[in-house]
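Numbering (the numbering used here), first residue to last: 1 to 440.
Positions of the beta carbon are idealized from the N, C-alpha and C atoms, including for glycine.
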RNA sequence: CGGGACGUAGCACAGCCUGGUAGUGCGCCUGCUUCGGGAGCAGGAGGCCGGAGGUUCGAAUCCUCUCGUCCCGACCA
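As structure tokens, this is what we get:
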């Protein structure tokens, strides 16, 4: 994109409402604008990040054997009355009434709806197990939205639901999702630690929160270094193989990990001191098994091999996609701005034309832009160099290609790596190949 | 949901106590100079002071109501 023709309004000063780093940077870098408390419009650069994250989540869900669906944002109250949650959910649920006085709601989650969809069509044990997911906007009318996109009222979430014939099958689905999550977070360029979470009335061990490490995270976390050493790749764990999943699950659950609320000093003492890791974290995902809670309440039963009706065992698996945008920034920024991981950056590279209007400089920039196109943001504004440097650092492109009149005259550009600050002078061709574009 | 603040130009804020022609910095526009880390000078545009009522000769300023936003705490992807 050409910056001069883009709705990417960077800000030099910070709007008063933004307190935490990610919120300030998201506003300053022109990723989002607030529309109402906890409700944001995603501008071009922000939307690209959101889509990049969603794509990675999607790829890993598909690889785990989950199938993508898309359920609506608006749901009929009747479904929730069946499960009893219409009354239980409280004021967090945004309730709506249509012109026919029918009660509707803006979905905060989708257990009821997915259960309804399955009960309509799935009759036999031969059709299970299955996992379905969707990436959809949710609404929870938080009393106090804050931290920008990290705790908004409207948020984009990937939620998956598993259906199995028995507990053993549900465990396999659970582990499969857990592995998919670890791979997802790895690809997103963050360290994530699974932590045992409250299972509430369901009981059991099958509920985990995924905390990604960020210096400004909301809770203190303690964990064994073992989590940082696991090889989550397909070479090590075949996600389709239950034995591999069992081995994976064991490594995830035998090592110590807890947030400050659940920190167990006795157990912590047993972790060898050189392996103790402490940090702060942000919750970005949650998976849990809840048995037949919804299948029983909503009368979803399939015929088993023995002819008996059985309520499938269910689990649900969420990743806060929009929250992840904020969390990634919390995990990766400095004084000057955002430092995007390559995998999610809105633009792989920023092209900085330091002398707009200079024939040679313009020509070199156009060549670069012609090769990079959609993966680059070309700063073609008639701004001074300092402004362009500052904005490029703010926006956090992994690479900056700095084109000045002196270098341009001899075919040289400067390539800067945002994460390290390292700069090198090289030819246009070499710059392109370093970035990973080879058709120069 | 308890507690506390704040709404004045696109952004950050002053003015309000003590009513009397709405200001500053940044940003924006024009010109000249400058030109590799948020330039300088000169000129200019931009406000129903969140909204509604009230008090007053006169309200950004005082009073009442209302809407919105933020912060702390309890709660959540």
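- Message: Beta-carbon within less than 6 Å of residue 278's beta-carbon, same chain only, minus the 5 sequence neighbours each way: which residues are those?
- Response: 222
- Message: Using a 10 Å radius around the Cβ and a threshold of 16 neighbouring Cβ atoms, would you call residue 9 buried or exposed?
- Response: exposed
- Do the region 347-358 and the region 403-412 meet, that is, are 3 or more Cβ pairs less than 8 Å apart? yes
- Message: Assuming contact is defined by CB atoms lying nearer than 8 Å, are residue 396 and residue 338 in contact in what I supplied?
- Response: yes
- Message: So residue 287 and residue 150 are supposed to be a Cβ contact under 8 Å. How far apart are they, rounded?
- Response: 20 Å between Cβ atoms; not a contact.
- Go ahead and pull the three-state DSSP assignment for residue 340. coil
- Task: Look up residue 62 in the DSSP assignment and say whether it is helix, strand or coil.
- Result: helix
- Could you pull the start and end residues of the alpha helix (DSSP H) that residue 23 belongs to? 21-28
- Spatial neighbours of residue 442 within its chain, please: CB distance less than 6 Å, with the 5 preceding and 5 following residues excluded, ordered by chain position. Nothing about residue 442 can be reported from this structure: the residues present for the chain run from 1 to 440 only.
- Task: Please name the residue in 108, 171 and 431 whose C-alpha comes closest to that of residue 85.
- Result: 108
- Query: Anyone know if the C-beta pair for residue 45 and residue 239 falls short of 8 Å?
  - Reply: no
- Query: With a CB to CB cut of under 6 Å and the five nearest residues on each side skipped, what residues in its chain are close to residue 1?
  - Reply: 377
- Can you list the beta strand (DSSP E) stretches of 3 or more residues lying completely in the region 175-214, in chain order? 192-196 and 207-213
- Would you decide whether residue 269 is buried or exposed? Buried here means 16 or more other CB atoms lie within 10 Å of its CB. exposed
- Message: Going by the DSSP bridge assignment, what does residue 42 pair with across the sheet?
- Response: 32
- Message: Taking the straight line between their C-alpha atoms, what separation do you get for residue 135 and residue 409?
- Response: 49 Å
- Is residue 316 helix, strand or coil when you go by DSSP? strand
- Query: Of the choices 255, 30, 19 and 299, whose alpha-carbon is the least far from that of residue 115?
  - Reply: 299
- Can you find at least 3 beta carbon pairs, one from the region 136-148 and one from the region 112-128, that sit closer than 8 Å? no
- Query: Whose C-alpha, out of 127, 95, 69 and 117, is nearest the C-alpha of residue 159?
  - Reply: 69
- Message: Quick check: residue 167 and residue 313, are their CB atoms within less than 8 Å of each other?
- Response: yes
- residue 437 (DSSP reduced to helix, strand or coil): coil
- 8 Å Cβ cutoff met for residue 92 and residue 154: no
- Give the secondary structure of residue 393 by DSSP, where H, G and I count as helix, E and B as strand, and everything else as coil. helix
- Can you give me the Cβ contacts of residue 292 inside the same chain, cut-off strictly under 8 Å, excluding the 5 residues immediately before and after it? 311, 312, 313 and 314
- Message: Using the three-state DSSP reduction, which class does residue 154 fall into: helix, strand or coil?
- Response: strand
- Unbroken beta strand (DSSP E) run spanning residue 221, endpoints: 219-224
- Task: Measuring alpha carbon to alpha carbon, tell me which of 88, 80 and 66 ends up nearest residue 130.
- Result: 66
- Message: Buried or exposed, going by whether 16 or more other CB atoms sit within 10 Å of the CB of residue 25?
- Response: buried
- Message: Measuring only the C-alpha atoms, how far is residue 424 from residue 345?
- Response: 21 Å
- Message: Assuming residue 308 is part of the beta strand (DSSP E), what are its boundary residues?
- Response: Neither: residue 308 is in no beta strand (DSSP E) and is coded neither H nor E.
- Selection from 40, 55 and 139 that minimises the alpha carbon distance to residue 89: 139
- Going along the chain, which residues of its own chain have a beta-carbon closer than 7 Å to the beta-carbon of residue 53, five neighbours each way excluded? 188, 321, 324, 325 and 344
- Item | Alpha-carbon to alpha-carbon, residue 78 and residue 113 | 10 Å
- Message: DSSP has residue 67 in a bridge; who is on the other side?
- Response: 132
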